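Following the numbering used here, the numbering of the sequence shown begins with 19 at its first residue and continues without gaps. The C-beta atom is built at its ideal place from N, Cα and C for all residues, glycine as well. Note that this is a predicted model, so its numbers are computed, not measured. All remarks here apply to the structure that follows.
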Amino acid sequence: MFFVDTIEVAGLGNRSYLAGGRLAAVAVDPPRDIDQVIAAAARRGVRISHVVETHLHNDYVTGGLELARVTGAAYLVPADARVAFERVPVDDGDRTEIDADDGLVLRAVATPGHTPHHTSYVLEEHGTAVAVFTGGSLLIGTVGRPDLVEPRLTERLARAQ
């Protein structure tokens, strides 16, 4: 059995998620205040085994690196994201086991548009898609802005989206 908890980031309009099974969970796009995510995991009685980012750039300050360090979780970041820290690079189609006992796997899907490296993640339970985390790409009533990275990329990103 899987769960998905939404973690609201007050005042920013961002959402983070904790998703998992009975033993382990993944934190998706964690907020700067990682205490919220740690508390959510404690309420569920699960270990945060993975932290994933859909994208990295200046419209969102993440707590992902800190959360991974504090919990010992693997830190998954899109492979094409230019970063200067240790992380597990993720490419389109990569699959990551989250909770083997509950058959939970996270599958990466390249979704460029909001950023060139934007990646969404599909949560699968025993091979069936049960949730998708779209980050800054697909929003309520709109899509993520493609003009925040580099002006010369705006048209290409808008078409990709």
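- Apart from the 5 residues on each side of it in sequence, Ala97 sits with its Cβ closer than 8 Å to the Cβ of Pro107, Val108, Asp109, His135 in its chain, given in chain order.
- In the DSSP assignment, Gly82 falls within the unbroken alpha helix (DSSP H) covering 82–89.
- For Val140, the three-state secondary structure derived from DSSP is strand.
- A straight line joining the alpha-carbon of Phe103 with that of Pro49 spans about 18 Å.
- Ranked by Cα distance from Val150, the first of Leu36, Glu26, Met19 is Leu36.
- No Cβ-Cβ contact shorter than 9 Å links Ile116 with Leu83.
- Between Val69 and Leu94 the beta-carbon gap is near 7 Å, inside 8 Å, which marks them as a contact.
- Annotation: the continuous beta strand (DSSP E) that includes Arg65 extends over 65–70.
- Ranking Leu122, Asn32, Thr89 by CA distance to the CA of Ala60 puts Thr89 first.
- Within its own chain, the residues whose Cβ lies closer than 7 Å to the Cβ of Gly121, once the five positions on either side in sequence are excluded, are Glu143, His144, listed in chain order.
- Here Thr24 is exposed, its C-beta having fewer than 16 other C-beta atoms within 10 Å.
- The C-alpha of Arg40 is placed about 25 Å away from the C-alpha of Val27.
- With 16 or more other Cβ atoms from the protein chains shown falling within 10 Å of its own Cβ, Arg105 counts as buried.
- The alpha-carbon separation between Ser67 and Ala118 amounts to approximately 12 Å.
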